[in-house]
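**Q** Those protein sequences? They're chains A and B, same order as listed. In my numbering, each residue's number is its place in the first sequence (first place is 1) plus 914. In my numbering, each residue's number is its place in the second sequence (first place is 1) plus 76.
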Amino acid sequence: MRGLAATIVLVGLGGAAWASDDTTFRYAFQGELSGLDPYTLNETFSLGTLANVYEGLIRRGPDMEIIPGLAESWEVVDDTTWRFHLRRGVTFHNGNPFTADDVLFSAERVVSEGSDLGARIPPGAQFVKLDDYTVEVRLATPNPILHSEWDAWAIMDKEWAEENGGVAVTSASAETPNYAALHANGTGPFKVVSHEVGVKTVFEANEDWWNWGDRSFNIDRVEFTPIASDATRVAALLSGELDMAYPIPVQDIPRVSANPGTEVLTGPELRTIFLGFDQDRDELLYSDVKGTNPFKDVRVRKAVYLAINEDAIAAKIMRNLATPSALMISPSLYARSGEFERLPYDPEQAKALLAEAGYPDGFSVGMDCPNDRYVNDEQICQAVVAMLAGIGIDVELNAQPKAKFFGKVLASGGYDTSFYLLGWTAGSLDSHHVIFNLNTCRNADGTEGGAFNLGNYCNPEVDALGAKILVENDPVMRDQMIFDAFTIIHDEVSHVPLHQQGLAWGKAAGVALVQRPDNKLLFDYVKK
Amino acid sequence: MIAFIVRRMVQAVVVMLVVALLAFMMFRYVGDPINQMVGIDTSPAAREALRQRLGLDDPMPLQFARFVANAARGDFGVSYQFKQPVADLLAARLPATLELSIASALFALLVGIPMGVYTGLNRHAPLAKLFLAVSLVGISLPTFLIGILFIFVFAVHLRWLPSFGRGEVVDLGFWTTGLLTVSGLKALILPAITLGLFQMTLIMRLVRAEMLEVMRADFIRFCRARGLTARAIHFGHALKNTLVPVITVTGLQLGSVIAFAIITETVFQWPGMGLLFLQAVQNVDIPIMAAYLMLIAALFVAINLVVDLLYVVVDPRIRLAGRAT
């Protein structure tokens, strides 16, 4: 009946024309907000949206810089001890005060069964409450990037979770629906007013937010609708029904820009798109080369690298909405990335290298590619096929929806691939994430080592550097070790980095917002 | 009669079981659901643990048996992506789909029948030829193209109607309706026309053909000889005699309108069951897919049962044959 009353008011307003009131921000994304439990899914959209409701101990500013969040300050007491001083006077949306107990509770919940964010806290770390507003974290090993992902580790209210049966993390295997999946109680600048699963989520500004006095937004209501169809999402933006829609397909960018009243905000994303090779098996699964694996030969990998005209891919397929990359990590995440350069496009040298490796007439290989995961992923693969044909490598492309693609190429599918395209974002916003996950030797089923090193590129030197980088507290030394590791994988062509794909957000001209390279939309920077 | 119904019910159960089995065999080719439930850098060990908790590593026959046993009790499991009971999700989406389907069926009837009558009576009028030409478009253009075309004309350029969603809905407790608000009614127009266009064309052509047939019948000639007005002949006598097949076709088509609302719902982001299903396919949300397919199968089985029963009531020959066997 509450809904009935609300609607009668709306009818009274004369049809409730869209985008009419100035303080409501309406936006659409291609995917759904699958739930409100912030620990269920480690995925950008879900975490980014919930970051407006729930806050972590740290926050990240417009340029990804670490700034204080629910922790006002922190210090590294010794190599393995960090002390966090919590912000005082903060309340959750239900009015409960925020204290050290909530941090301890959240630390326990985030590593419990069903949580997809277990890696936020290193194994063996202990959270100790010194007083109501001081928490000490005691680590098993030094960890210079302990807090780097904590902007996306929501602190939850212990009492609220216990009262409502939300202590366990929402999971599809649970028998009864979890309260925290449909309700939210954070400390953030926005509260969830309503959440219709997969249909619409409405947020409202939280006037009791601790930073309300210094807020930089002027909206008081946010309406989110998932719009899966690209054409409809763009149309809804053009027609003025939405204040913001993302992503905008690259081919529609000119139209949205040309339309008076709308514009496109573009920028580099953190995700790096790259090609990878099976360097593990003694014989490729999908190739006419028998008895040996050509990709174990660095000359063949280098030939593939040299044969790819990344500038053409960036210009023609990505319509310049991509930044060619020499590294497997975004340049904004590694200070010395400028010292690396992509190998030049040189098909002649590529052919010579192939001949030298014993494949003067090339060979054939199957390639796995998703077709609905990254920006124009299938088209990139088709271009790669054409470019490699130029040096005699006959690529048979197998482009599939992501659900099938990941099921085949990841550990669960037995790393069933010879040559593939993949995208990777350093989740911790640190180079170690890339060195470990993509370039560290792994065992057969991926339970040890770099589980996402699909082709199992393996060099003990890189592994040793990775282990040292993980625990090195001195930033200069650390950057040097990262530099050394990147130099090895660059020289040995562990992968062929292609580009950082671009972000394309469409918005109404009158709306100001901040586009961060992690593709998260933060309501508290939206001005209308 | 009772024996007939019982026999059909038994057949219906068999049909449902076959649909469930086919669906389950299909799911193996949709992809791995686990990848859609975790972030990319979730470790293989954590993935396997989740797979075990969901029972996805059990043999297929066991999974199927479990599904049938639960479904028989009305339990369709928990959605992988939303972590909510599937029955609740479908129930929340059902009103949107039914309102859209019924609106589009009404549109098809209210526009299709008059157009059919007109084209049947005035075969050579230019307007009749125009109707026929337009109806060809309705039959040959795919639904998503028509939908996008409508969006660009009526939402982007004219800005008369919304391009997505259902507008403001009223929650009646057991039902959410968009029919009681202006924005809800406006939002209904484009999707209903898009979905109903094909049916409208079908009905128009059916009525036209029947009208041409009936107008040649003897009783129409006698009506004319009796001096009845053209209006009384056309609508009182001719149209009435064309309606039996029209009602049959419309009834049977209602099932397919509901089932094939998937495309229209996707184009207009209409929050119905079809949209839920399509997104479930993309996310390999097997519980939703299975429940939706069962629901649609049940719908078709029910419609066919009703149609069969109506035939028995209407046509004595079927009734006699039924008794003989």
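In this text, a Cβ means the ideal position worked out from N, Cα and C, and glycines have one as well.
Tell me the rounded alpha-carbon separation between THR1055/A and ALA1228/A.
**A** On the first sequence, position 141 is the one that residue 1055/A refers to. On the first sequence, position 314 is the one that residue 1228/A refers to. One C-alpha to the other measures close to 42 Å.
**Q** Any beta carbon from chain B within less than 8 Å of GLY1341/A's own beta carbon?
**A** In the first sequence, residue 1341/A corresponds to position 427, counting from 1. At least one chain B Cβ lies under 8 Å of GLY1341/A.
**Q** Could you compute how far the alpha carbon of LYS1216/A sits from the alpha carbon of ALA1264/A?
**A** Numbered from 1 along the first sequence, position 302 holds the residue referred to as residue 1216/A. Numbered from 1 along the first sequence, position 350 holds the residue referred to as residue 1264/A. Taking the straight line from one Cα to the other gives about 7 Å.
**Q** Counting contacts by CB-CB distance shorter than 8 Å, is TYR368/B in contact with chain A?
**A** Position 292 of the second sequence, counted from the first residue, corresponds to residue 368/B. So, not an interface residue.
**Q** How is the beta strand (DSSP E) around THR994/A delimited, first residue to last?
**A** Mapped onto the first sequence, residue 994/A falls at position 80. No beta strand (DSSP E) contains THR994/A, which DSSP labels as neither H nor E.
**Q** Report all residues from its chain with a CB closer than 6 Å to the CB of VAL1348/A; omit the five preceding and five following residues, and keep chain order.
**A** Residue mapping note: residue 1348/A aligns to position 434 of the first sequence, counting from 1. So the qualifying residues of the chain are MET1242, ILE1243, ALA1340.
**Q** Which value, in whole angstroms, describes the spacing of the CA atoms of PRO1058/A and ALA335/B?
**A** In the first sequence, the residue the question calls residue 1058/A occupies position 144. In the second sequence, the residue the question calls residue 335/B occupies position 259. In a straight line, the C-alpha of PRO1058/A is about 55 Å away from that of ALA335/B.
**Q** Nearest chain A C-beta to SER119/B closer than 8 Å, yes or no?
**A** Your numbering for residue 119/B matches position 43 in the second sequence. SER119/B counts as touching chain A.
**Q** Anyone know if the C-beta pair for GLU1255/A and PRO1238/A falls short of 8 Å?
**A** Along the first sequence, read from residue 1 onward, the residue named residue 1255/A stands at position 341. Along the first sequence, read from residue 1 onward, the residue named residue 1238/A stands at position 324. Contact flag unset, no.
**Q** Could you please give me the residues that DSSP links to PHE1188/A through a beta bridge?
**A** Working through the first sequence from its first residue, we reach residue 1188/A at position 274. BP columns for PHE1188/A point to LEU1336/A, PRO1411/A.
**Q** My understanding is that ASP1071/A touches PHE1006/A, with C-beta atoms under 8 Å, so please give their C-beta distance in whole angstroms.
**A** Position 157 of the first sequence, counted from the first residue, corresponds to residue 1071/A. Position 92 of the first sequence, counted from the first residue, corresponds to residue 1006/A. About 4 Å separates the two Cβ atoms, so the contact holds.
**Q** So the candidates are PHE311/B, MET92/B, ALA125/B, LEU273/B; which of them puts its Cα closest to the Cα of SER1029/A?
**A** Against the first sequence, residue 1029/A aligns to sequence position 115. Residue ALA125/B is the option with its Cα nearest to SER1029/A.
**Q** Whole-angstrom Cβ separation of PRO1431/A and SER1246/A, contact assumed at under 8 Å?
**A** Numbered from its first residue, the first sequence carries residue 1431/A at position 517. Numbered from its first residue, the first sequence carries residue 1246/A at position 332. The pair is a contact, with the Cβ atoms about 6 Å apart (cut-off 8 Å).
**Q** How far does the beta strand (DSSP E) with HIS1109/A in it extend, from its first residue to its last?
**A** In the first sequence, residue 1109/A corresponds to position 195, counting from 1. 1104-1110 is the extent of the beta strand (DSSP E) around HIS1109/A.
**Q** Our contact map puts LEU328/B next to ILE338/B with C-beta atoms below 8 Å; I'd like the distance itself, whole angstroms only.
**A** One-based indexing of the second sequence puts residue 328/B at position 252. One-based indexing of the second sequence puts residue 338/B at position 262. The Cβ separation is near 18 Å, so there is no contact.
**Q** Report the partner residues of SER1278/A according to the DSSP bridge assignment.
**A** Your numbering for residue 1278/A matches position 364 in the first sequence. DSSP, once it has assigned bridges, lists ASP1308/A as partnering SER1278/A.
**Q** Pull out every residue of the region 94-122 of chain B whose Cβ sits closer than 9 Å to any Cβ of chain A, in chain order.
**A** From the region 94-122 of chain B, only TYR105, VAL106, GLY107, ASP108, PRO109, ILE110, ASN111, GLN112, MET113, VAL114, GLY115, ILE116, ASP117, THR118, SER119, PRO120, ALA121, ALA122 have a Cβ closer than 9 Å to chain A.
**Q** Under the rule that 16 or more other beta-carbon atoms within 10 Å means buried, what is GLU289/B, buried or exposed?
**A** By 1-based counting over the second sequence, the position of residue 289/B is 213. Exposed: under 16 other Cβ atoms inside 10 Å.
**Q** Please report the straight-line C-alpha distance between THR252/B and THR963/A, rounded to a whole angstrom.
**A** Taking the first residue of the second sequence as 1, we reach residue 252/B at position 176. Taking the first residue of the first sequence as 1, we reach residue 963/A at position 49. Rounded to whole angstroms, THR252/B to THR963/A spans 26 Å at the Cα level.
**Q** Please classify ALA1419/A: does DSSP put it in a helix, a strand, or coil?
**A** Within the first sequence, residue 1419/A is the residue found at index 505, counting from 1. Contrary to the premise, residue 1419/A reads as Trp rather than Ala in this sequence. In the structure shown, TRP1419/A sits in a strand (DSSP, three-state: E or B).
**Q** Spell out a yes or no on whether the region 1353-1372 of chain A and the region 1307-1320 of chain A are touching, meaning 3 or more CB-CB pairs, one atom from each, closer than 8 Å.
**A** Taking 8 Å as the limit for Cβ pairs, the verdict is that the region 1307-1320 of chain A does not touch the region 1353-1372 of chain A.
**Q** Using beta carbons (cut-off 8 Å, strictly below), is VAL1113/A in contact with chain B?
**A** On the first sequence, residue 1113/A is found 199 positions in, with the first residue counted as 1. Yes, because at least one Cβ of chain B sits closer than 8 Å to the Cβ of VAL1113/A.
**Q** So does the region 268-275 of chain B actually touch the region 284-304 of chain B, counting three or more Cβ pairs closer than 8 Å?
**A** Because the criterion of three Cβ pairs below 8 Å is not met, the region 268-275 of chain B and the region 284-304 of chain B do not touch.
**Q** Tell me GLU1118/A's beta-bridge partners as DSSP assigns them.
**A** On the first sequence, residue 1118/A is found 204 positions in, with the first residue counted as 1. DSSP lists LYS1105/A, ARG1135/A as partners of GLU1118/A.
**Q** For a quick check, are the C-beta atoms of PRO109/B and TYR156/B less than 8 Å apart?
**A** Along the second sequence, read from residue 1 onward, the residue named residue 109/B stands at position 33. Along the second sequence, read from residue 1 onward, the residue named residue 156/B stands at position 80. The answer is yes: Cβ separation under 8 Å.
**Q** Rank ARG300/B, LEU352/B, SER332/B, ILE379/B by C-alpha distance to the C-alpha of VAL162/B and give the top, closest one.
**A** Position 86 of the second sequence, counted from the start, is the residue given in the question as residue 162/B. The candidate whose alpha carbon is nearest that of VAL162/B is LEU352/B.
**Q** How about ARG199/B: is its C-beta nearer than 8 Å to some C-beta of chain A?
**A** Locating residue 199/B in the second sequence gives position 123, where the first residue counts as 1. Not an interface residue.
**Q** For THR173/B, decide whether its Cβ has a neighbour in chain A, counting only Cβ atoms nearer than 8 Å.
**A** Sequence index remark: in the second sequence, residue 173/B carries index 97 (1-based). No, THR173/B does not count as interfacial toward chain A.
**Q** Going by the beta-carbon positions, is the gap between GLU1292/A and ALA1313/A smaller than 8 Å?
**A** Here residue 1292/A corresponds to residue number 378 of the first sequence, with the count starting at 1. Here residue 1313/A corresponds to residue number 399 of the first sequence, with the count starting at 1. In contact: GLU1292/A and ALA1313/A (Cβ atoms closer than 8 Å).
**Q** Drop a sphere of 10 angstroms on the beta-carbon of ASP1443/A, count the other beta-carbons inside from all chains shown, and report buried for 16 or more, exposed for fewer.
**A** Examination of residue 1443/A is not possible in this model, given that chain A is present from 915 through 1442 alone.
**Q** In its own chain, which residues sit with a C-beta less than 7 Å from the C-beta of MET349/B, not counting the 5 before and 5 after it?
**A** One-based indexing of the second sequence puts residue 349/B at position 273. So the list reads LEU166, ARG169, LEU170, THR173, TYR368, once near-sequence residues are dropped.
**Q** For GLY115/B versus VAL360/B, is the C-beta spacing smaller than 8 Å?
**A** On the second sequence, position 39 is the one that residue 115/B refers to. On the second sequence, position 284 is the one that residue 360/B refers to. No. Outside cutoff.
**Q** Nearest CA to the CA of ALA1039/A: which residue from TRP996/A, GLU1076/A, ALA1014/A?
**A** Numbered from its first residue, the first sequence carries residue 1039/A at position 125. For the residues TRP996/A, GLU1076/A, ALA1014/A, the minimum Cα distance to ALA1039/A belongs to TRP996/A.
**Q** What residues from chain A crowd round ALA145/B, counting only those whose CB sits closer than 7 Å?
**A** Counting from 1 along the second sequence, the entry for residue 145/B is found at position 69. Going along chain A, no residue has its Cβ under 7 Å from ALA145/B, so there is no contact; the nearest lies around 15 Å.
**Q** May I ask you to list the residues that DSSP assigns as paired with TRP988/A?
**A** What you label residue 988/A is simply residue 74 of the first sequence in a count that begins at 1. The partner list for TRP988/A (beta bridge, DSSP) reads PHE998/A.
**Q** Using only alpha-carbon positions, find the residue among SER1251/A, LEU1151/A, LYS1204/A that is nearest to PHE240/B.
**A** Residue 240/B sits at position 164 when you count from the first residue of the second sequence. Closest by alpha carbon: LEU1151/A.
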